[in-house]
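Take 187 as the starting number for the sequence shown in this note's numbering and just add one per residue.
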Amino acid sequence: MPYSEYQPIILNPQLIEIFSRLRISDSEGRVFSNKRRKYRQVEAFSTHMLKLLAEAPEDARLTLVDFACGKSYVSFYVQADKKVKQQNNIEIIGVDEDGGLVTKCNKIAGESGYDNMHFYASSIADFNLVGEEAPFLAYALHACDTASDDAIAKAVEYGSRHILIAPCCASTDIKQIKAPGIKGELSTRLGETVVNSMRGLILEYMGYDVSISEFISQTNTPRNIMIAGHYSGRQNPEAWQKYEALKEMFGVERTPMLEQYLAPRLEQMAR
């Protein structure tokens with residue numbers, strides 16, 4: 187969809203109530219001008235989630251986990267979808283360290299009659315999912331820096347069938363990418379490309395089919411990359427070899443964050 191920050195956005199009727207409560211739009215569904223970029227990101231990201239939900243068995247119990255959920259725009263967008271609202275087999279869980287935002291999200295969910303939505307104040311690393319069923323989908327839209335790695339690691343730990351991550355900055359790992367002669371914005375873009383490629387390769391090694399693509403135009407946001415993982419159970423040793431080759435190519439000396447977070451599981455797989 188072509189993007190223009192000057193182009194007015196009128197919401198579908200099913201979204202007006204919740205997005206006016208979230209202060210993304212007015213009561214008539216007109217998205218506020220300073221929220222148009224964010225709304226387009228939420229809309230584009232959510233489309234991938236709704237496609238996965240449409241392909242899920244109708245009688246299956248589906249748990250969705252929103253890591254670093256913030257104001258939970260994505261989760262509320264998905265919940266407001268007409269088909270999702272008609273189903274009683276979907277539970278949406280949001281996790282964020284900001285207790286104030288969590289309180290607000292629980293309040294909005296309660297006022298909207300969304301009894302299947304629950305939000306918890308916790309770091310991603312410390313959050314424990316109750317129940318024996320693996321999540322159907324774990325996701326994070328623009329979790330900052332290492333929070334994206336936290337989200338991927340926790341999703342793998344839970345055995346999530348699907349993972350959708352649109353990383354924000356990755357400054358912690360980017361700092362150690364060595365590419366002589368490449369400076370400024372090009373250095374940042376290369377660093378993000380390398381870091382996201384390494385994240386994808388670790389997921390492949392651990393049994394996920396992975397795609398890395400643009401989920402929205404770069405004219406909307408430079409953070410427009412989505413890492414999508416779909417569990418197949420097929421461990422891919424070649425992916426680990428490529429991962430190690432990338433680290434060597436770009437002079438990565440300190441262990442990248444995702445590898446650190448998944449170290450116990452990786453060690454177990456290597457035995």
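We treat Cβ as the ideally placed atom computed from N, Cα and C, and that holds for glycine.
Is the distance from the Cβ of residue i to the Cβ of residue j below 8 Å?
i	j	result
residue 227	residue 327	yes
residue 208	residue 262	yes
residue 514	residue 357	Given that the chain is displayed from residue 187 to residue 457, the structure contains no residue 514 and the question cannot be resolved.
residue 323	residue 266	no
residue 306	residue 288	yes
residue 250	residue 321	yes
residue 210	residue 252	no
residue 372	residue 425	no
residue 392	residue 442	no
residue 264	residue 236	yes
residue 212	residue 206	yes
residue 247	residue 342	no
residue 413	residue 400	no
residue 447	residue 347	no
For the alpha helix (DSSP H) that residue i lies in, which residues bound it at each end?
i	result
residue 249	Looking at the DSSP string, residue 249 is not in any alpha helix (DSSP H); the run it does join, the beta strand (DSSP E), is 248-253.
residue 234	222-241
residue 359	357-360
residue 343	332-344
residue 368	Neither: residue 368 is in no alpha helix (DSSP H) and is coded neither H nor E.
residue 294	285-297
residue 270	268-272
residue 451	449-456
residue 431	423-435
Just confirm the distance between the C-beta atoms of residue i and residue j, as a whole number of angstroms; I'd bet it's less than 8 Å.
i	j	result
residue 185	residue 257	Look at the range of the chain in this structure, 187 to 457, and you will see that residue 185 is not part of it.
residue 453	residue 422	That belief does not hold up - the Cβ atoms of residue 453 and residue 422 are roughly 17 Å apart, past 8 Å.
residue 415	residue 396	5 Å
residue 222	residue 195	6 Å
residue 402	residue 230	4 Å
residue 339	residue 432	Their Cβ separation, rounded to whole angstroms, is 19 Å, which puts residue 339 and residue 432 out of contact at 8 Å.
Going by DSSP, what residues sit across from residue i in a beta bridge?
i	result
residue 217	211
residue 278	250, 303
residue 412	399
residue 349	324, 415
residue 394	417
residue 196	216
Would you please verify whether the beta carbon of residue i is less than 8 Å from any beta carbon of chain C?
i	result
residue 316	Reference to chain C is not applicable here, since this structure consists of a single protein chain.
Does the region 311-326 come within contact of the region 290-301, defined as at least 3 CB pairs closer than 8 Å? no
Evaluate the contact criterion for the region 375-391 versus the region 430-437: three or more CB pairs, one atom per stretch, below 8 Å. yes
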